[in-house]
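Residue numbers (this note's numbering): 3 to 154.
This is the structure we're talking about:
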């Protein structure tokens, strides 16, 4: 079966050393700091240490007033360079989020690439695709502002 994922890409410049930025993203508790409150994001279970390949993070989010479970697994880990988390359970048919850090003369260039598919195939894309895309863009806008505030 041919996949037809939607793709969202964002780049954020962070005025900090790459190691510092990577350490921030290696702590699962920091995810709540860069997620809009409106999503009702709550970590249910995560390692009590820095992340590594194979780790699972269980959390809940709220969409349209409904609390939904989400389980992500770290499927790739490249120390101080990036990692990939993929949804094992959650609202998407498929979700793969690659975080890559590049050295920059202004600190770090963080590139996010999200490949996602909605449930219900073409019907899901037609009915909710625009709404999901708009909300993902707002979430990543919030993240960029929050990261800017955290790292100055």
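Using N, Cα and C, we set each Cβ at its ideal position, and we do this for glycine too.
Burial state of residue i, where buried means 16 or more other Cβ atoms lie within 10 Å
i, result
"residue 30", "buried"
"residue 159", "The first residue shown for the chain is 3 and the last is 154, placing residue 159 beyond what the model contains."
"residue 9", "exposed"
Proximity to residue i [Cα-Cα], best of the options
i, options, result
"residue 106", "73, 38, 23", "23"
"residue 103", "6, 9, 121, 26", "26"
"residue 19", "117, 40, 111", "111"
"residue 116", "134, 123, 109", "134"
"residue 119", "92, 151, 82", "92"
Cβ neighbours of residue i in the same chain (closer than 6 Å, five flanking residues each side left out)
i, result
"residue 55", "76, 79"
Coarse secondary structure for residue i, derived from DSSP in three states
i, result
"residue 122", "coil"
"residue 138", "helix"
"residue 71", "strand"
"residue 65", "strand"
"residue 37", "coil"
7 Å CB neighbourhood of residue i in its chain, flanking five on each side removed
i, result
"residue 88", "74, 75, 77, 97, 98"
* Asked: Would you say the region 146 to 153 touches the region 44 to 63, given that touching needs at least three Cβ pairs under 8 Å?
  -> no
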